[in-house]
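Peer 1:
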Amino acid sequence: MMDDLFAPPAGEQPHTERLAAGTVLLHAMAEPQAAALLADIDRIAAQSPFRHMVTPGGYRMGVATTSCGELGWVSDSHGYRYSRLDPGSGQPWPAMPDSWRLLAADAAARAGFAGFVPDACLINRYQPGCKLSLHQDKDERDFAAPIVSVSLGLPAVFELGGLRRSERCARLTLRHGDILVWGGPDRLRYHGVLPLAGGEHPLLGECRINLTFRRAG
Ligand code: SIN
Ligand code: FE2
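The opening residue of the sequence shown carries number 1 in full-length UniProt numbering; numbering runs sequentially from there.
1. Just grab the DSSP bridge partners of Phe158 for me.
2. Contact check, Gly217 vs Tyr126 under 8 Å by CB: the rounded distance?
3. Counting beta carbon pairs with one atom in the stretch 88-97 and one in the stretch 26-34, are three or more of them shorter than 8 Å?
4. I need the straight-line Cα distance from Gln91 to Val74, nearest angstrom please.
5. Which residue wins for smallest C-alpha separation from Trp93, given the options Arg43, Gly115, Gly58?
6. Spatial neighbours of Pro128 within its chain, please: CB distance less than 7 Å, with the 5 preceding and 5 following residues excluded, ordered by chain position.
7. Three-state secondary structure (DSSP) at Trp100?
8. Looking only at its chain, what residues have a beta carbon closer than 6 Å to the beta carbon of His15, apart from the 5 residues adjacent to it on each side?
9. Return the Cβ separation of Arg110 and Gly153 in integer angstroms, given the expectation that the two are a contact with Cβ distance under 8 Å.
10. Could you work out which residue in Leu85, Leu71, Tyr59 is closest to Val117 when comparing CA atoms only?
11. CB of Ile41 to nearest heavy atom of the ligand FE2: below 8 Å?
12. Quick one: Cα of Val54 to Cα of Leu132, how far?
13. CA-CA distance, Ala156 and Leu194?
14. Quick one: Cα of Leu85 to Cα of Asp142, how far?
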C-alpha cells in the first residue's frame, strides 16, 4: 500500500499550478508512469552508471548524475558542458526512451511551451543530506526551450529564485510524480535544492531522483 506521507493531500487531484508567467507545477503528472520511469532509469544506469562529477572548482558533487539522449551534461576541471559521449565509457549516452520525450513534450505543452523536443535528459540522484546549490541552467545553446523537471521518490524543497542570484527565493516542495516546467521569461531563473531530508519512499527507498529535460544542442 502507498505510504500516506508520499501521496498527495487527501482529495487532491493532479492539477496545474502556475507559479509565475513561465513557471508551472504539474502536480503528480508523472505518477502513473513512475514505475516505468524507474525501470528505464535502471536500464540507463546499467549502461551509463551514476557518478559523482567534479566541479570546475575541484569539488566532488554530492548529487550523483547520469544522462540519456543525444547529449549528456558533464562537469570536470575544464568546466560544465554537454557532450555526445559519456566520458566514463567513451560511448554515446543511452538513448532517451520515446515515452520520456512524450512525457516531457506533453508537460511543456500543458505549461504553454508547444513543440518541445528535448535532446538531453540529466538524471540526478539525491541521498539524504544531498543538496544542489543555487544555479542557472545556462549551458544550453539557446534558451527558447523550457526546462522540464520530473521528481521521483522522496520529496525535496526546491528553491526558485529570480534572474539575479541576490533575489529572494520562493520555496516549494516537489513530490513524487510532480513535474515543474520553467521557460520563457523564467528560463534563466536561479534555482536549487535544499539538503534532502531522510525518509523511506515506497518505490525508491532513501532516495530522490530528478530528471531534467533540456534542449541543449
Ligand atoms: C537541476 O537543477 O538540475 C535539478 C533540480 C532538481 O533536482 O529538482
Ligand atoms: Fe538546474
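We put the beta carbon where it would ideally sit given N, CA and C, even for glycine. None of the values given here were measured: they were computed from a predicted structure.
Peer 2: In terms of the structure at hand:
1. Looking at the DSSP output, Phe158 shares a beta bridge with Leu172, Val193.
2. Not quite, the Cβ-Cβ distance comes to about 26 Å (not below 8 Å), so this is no contact.
3. no
4. 14 Å
5. Arg43
6. If the five residues before and after Pro128 are omitted, its C-beta is found closer than 7 Å to the C-beta atoms of Leu196, Ala197, Gly198, Glu206, all from its own chain and listed in chain order.
7. helix
8. His27
9. 22 Å between Cβ atoms; not a contact.
10. Leu71
11. No, the Cβ of Ile41 stays beyond 8 Å of every heavy atom of the ligand FE2.
12. 13 Å
13. Using only the alpha carbons, I get a separation of about 7 Å.
14. 21 Å
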